[in-house]
Amino acid sequence: MSDSSSPRSKREAKKRTRTGCLTCRARKIKCDETPGRCANCTRVMLECRWPVMRAVVQRGGGRPRTAACTGCRVARCRYKTDMTEVVEHVENTAEEEIDRDILLPHLDAFFTSVYPVQGNAFIHRGTLLRDINARRADRALLLAICAIATRFLPTAVPGRECGWAREAKALLILEGTVSVQRVATALILAKHDIHCGRFSSAWMLAAMATRGALALGLQKQEEEEEKTFIERETKRRLFWACYCLDRMMAPGLPDQILIRADLADSIALPCEEHSFLLAISPPRAGLLCSDDGEVGLFGHYVRMMSIRYEILQTTRGGSNASRNVPWMSSAFQECERKMTAWKASLPPQCQLRPDTIYARQAQHQLTPLTMLHVWYEQCMADLYRVVLPGFPETMAAEVLSSAPPDWVHGHQLACVEHARSIARTLQTVSQHVDLAASPFLDGSLPMCVLESMRVQLQWFFMNGQADAAALREQVDLLLGYLQPMARYFRQAQWLVSSFSSFFSSSLLLFFFLILL
């Protein structure tokens, strides 16, 4: 740079403060420093607050200047207010944003569309309504509920969802308290970020929730005489929700697990939903390693996620995969046994029958019921996928060549059959319910659909591209179920968009398979 250009650049550079508004500082984002109306605050409809400037007269006379505290001068920043002011600002803004006319519809949407699925049934609705009426409900929890429920309302104000989520995260981080309500808040925010496709942020929030649950001792089973059944069951459900998300975030990777398996052996599984809502203590609680006791949809989901983690850990065993061959591996056979036992242990109210389908639909529980059976087919396909070529967990060809006669081919057929059964499960439900009018609101279905398509595509090319019409029918059927979900879940949007373009020609289909 020439000498003449350097002074010009310095003269023309815009003078900027080193702080920005307090709102942007609390949210940890860059502020454009427009006093009183910065773009960030305007976009998410937040109050743009600035620090109070104290006038100090210079010794030599002249214009007043702003004073900085000693700590801020050391840190080389112009001014810094006490952190409690920022926290108070966030709390006040959140309280002003949510009035009852806005809050109650979001609560209805949450308990109708979010609460029933993916182990989210860890908030007691009656207790929450009581706390709201008494004005002692946790503000961050309400913000998180509103943020995740907004997408399921017929109409929503643009930008408000992001604003609520950011305010809830700010309260979570800035206040730094660990409580049952804050663990629930972090868990809901993690699920919200998953819906939005922000998986890195969801991963960190899930870890925060899990660490908080362990710090509170939610995994302990000491009987607390002063606690009601609802309080004890809420803590148990919150622990199991963290357990399931922890298993989902670390698919078969023991070094990424936060909740050890032995911590979950003695804690009771979630009871039936009506028992939880009406505070009816079951005569005998179910356990993770036992098929006895009262267990609801949530409890069966916990068992399924536990077995799924074992399956992925078995099939992705790395260097041990060649030594522990499936036809001689007790771990592989144990996973098969557990899946068979889980399927056989389902009570009539958890089976996919016409009367159960209609009853669960009336209770807003049709999606979790259906997903239990979808997950069964997906887990069986995951287990048998070791015999299909082209997958990360595929066993070496020299190992498979030593298998008993017809063992490999038989398990290949079983893997493909389970992958196809995902569509059959959805078809069974669609015979009684219009899935276009009542879409599935479980964000894990797109992942199961993707894995089903991968298995079927691999089998299609293994068999010389025979029966292309049947494959296309399966693809159209699965994408048809995902299409209504694209409005609610970013992963469904990606999958529908990608597969719609990839399946436009057989050439693109071929390259897609290679990329997988």
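In terms of UniProt numbering, the sequence shown has 509 at position 509, counting the first letter as 1, and numbering is strictly consecutive.
Backbone N, C-alpha and C fix where the C-beta goes; we use that ideal spot for every residue, glycine too.
Bear in mind the structure is a predicted one, so any value in this text is a computation, not a measurement.
Buried or exposed by the 16-neighbour rule on C-beta atoms within 10 Å, applied to residue i
i           : result
Leu22       : buried
Tyr358      : exposed
Val157      : exposed
Phe199      : exposed
residue 517 : In this structure the chain extends from 1 to 516, so residue 517 is not present and cannot be described.
Ser306      : buried
Lys191      : buried
Asp193      : buried
Ser421      : buried
His409      : exposed
Glu473      : exposed
Arg284      : exposed
Ser113      : buried
Thr315      : buried
Ala213      : buried
Thr425      : buried
Gly126      : exposed
Pro347      : exposed
Test: residue i CB closer than 9 Å to a CB of chain C
i      : result
Phe199 : Absent here is chain C; the protein component of the structure consists of one chain.
Alpha-carbon to alpha-carbon, residue j and residue i
i      : j      : result
Gly296 : Ala397 : 43 Å
Leu435 : Tyr115 : 19 Å
Ala470 : Ala149 : 38 Å
Ala137 : Arg490 : 30 Å
Thr367 : Leu441 : 7 Å
Arg487 : Ser498 : 15 Å
Phe168 : Ala144 : First, the residue type needs correcting, since residue 168 is Ala and not Phe in the sequence shown. Roughly 6 Å between the two C-alpha positions.
Gln313 : Leu253 : 6 Å
Ser275 : Gln365 : 15 Å
Asp406 : Cys244 : 36 Å
Ala403 : Tyr384 : 14 Å
Arg160 : Ser201 : 19 Å
His418 : Val387 : 14 Å
Pro439 : Gly480 : 10 Å
Arg337 : Cys41  : 56 Å
Ala468 : Thr185 : 47 Å
Leu129 : Asn463 : 58 Å
Ile311 : Ala279 : 35 Å
Tyr485 : Thr155 : With the sequence shown as reference, residue 485 is identified as Met, and Tyr is not the correct amino acid for it. Approximately 16 Å, taken between the alpha carbons.
Ala261 : Cys38  : 49 Å
His195 : Leu205 : 13 Å
Pro105 : Val117 : 19 Å
Ser444 : Val416 : 20 Å
Arg232 : Cys242 : 16 Å
Pro392 : Leu372 : 25 Å
Ala170 : Leu187 : 15 Å
Gln349 : Leu287 : 19 Å
Trp203 : Ala134 : 34 Å
Distance between beta carbons of residue j and residue i, contact taken as under 8 Å
i      : j      : result
Met339 : Tyr376 : 7 Å
Asp246 : Thr210 : 5 Å
Phe152 : Arg237 : At roughly 21 Å, the Cβ-Cβ gap does not stay under 8 Å, so Phe152 and Arg237 are not in contact.
Val325 : Ala381 : No, Val325 and Ala381 are not in contact; Cβ-Cβ is about 19 Å, not under 8 Å.
Gln333 : Glu451 : About 22 Å separates the two Cβ atoms, so there is no contact after all.
Leu482 : Val433 : Going by Cβ atoms, the distance from Leu482 to Val433 rounds to 16 Å, so no, they are not a contact pair.
Phe239 : Ile267 : 6 Å
Asp291 : Ser330 : In fact, because the Cβ distance is near 20 Å, the residues do not count as touching under 8 Å.
Ala423 : Leu478 : 5 Å
Ala147 : Ala165 : 4 Å
Leu142 : Leu189 : That pair is no contact at about 12 Å.
DSSP bridge partner residues for residue i (one or two, in chain order)
i      : result
Ala285 : Glu294
Beta-carbon contacts of residue i that lie in its chain and below 8 Å, excluding the five residues immediately before and after
i      : result
Met83  : Low local confidence applies: a pLDDT of 43 at Met83 is under 50, so the model's placement there is unreliable, with the coordinate-based value given in what follows. Closer than 8 Å at the Cβ level, and outside the excluded window around Met83, lie Leu174.
His89  : Residue placement at His89 is flagged as unreliable, the pLDDT there being 49, under the threshold of 50; the coordinate-derived value follows with that caveat. Within the same chain, His89 has close Cβ partners Leu22, Thr23, Ala26, Glu47 and Arg49.
Arg8   : Reliability fails at Arg8, whose pLDDT of 46 lies under 50, so the model's placement of it is uncertain and no value is given.
Asp101 : none
Sequence-distant residues of the same chain with beta carbon closer than 7 Å to residue i, five excluded per side
i      : result
Thr428 : Leu352
Gly197 : Arg490 and Gln491
Gln235 : In the sequence under discussion, the amino acid at residue 235 is Lys, which differs from the Gln named in the question. If we look at Lys235 and ignore the five residues flanking it on each side, its Cβ neighbours are Val180 and Leu218.
Ile257 : Asp246 and Ala250
Arg76  : Because Arg76 sits at a pLDDT of 37, beneath the cut-off of 50, its placement in the model cannot be relied upon, and the point is left open.
Trp342 : Arg303, Met304 and Ile307
Val178 : Gly212, Ala215 and Leu216
Own chain, CB closer than 6 Å to residue i, minus 5 neighbours either side, in chain order
i      : result
Tyr301 : Gly119
Arg360 : Leu366 and Leu369
Phe110 : Ile145 and Ala149
His124 : Ile230 and Thr234
Glu273 : Gly296
Pro282 : Cys271, Ser275 and Glu294
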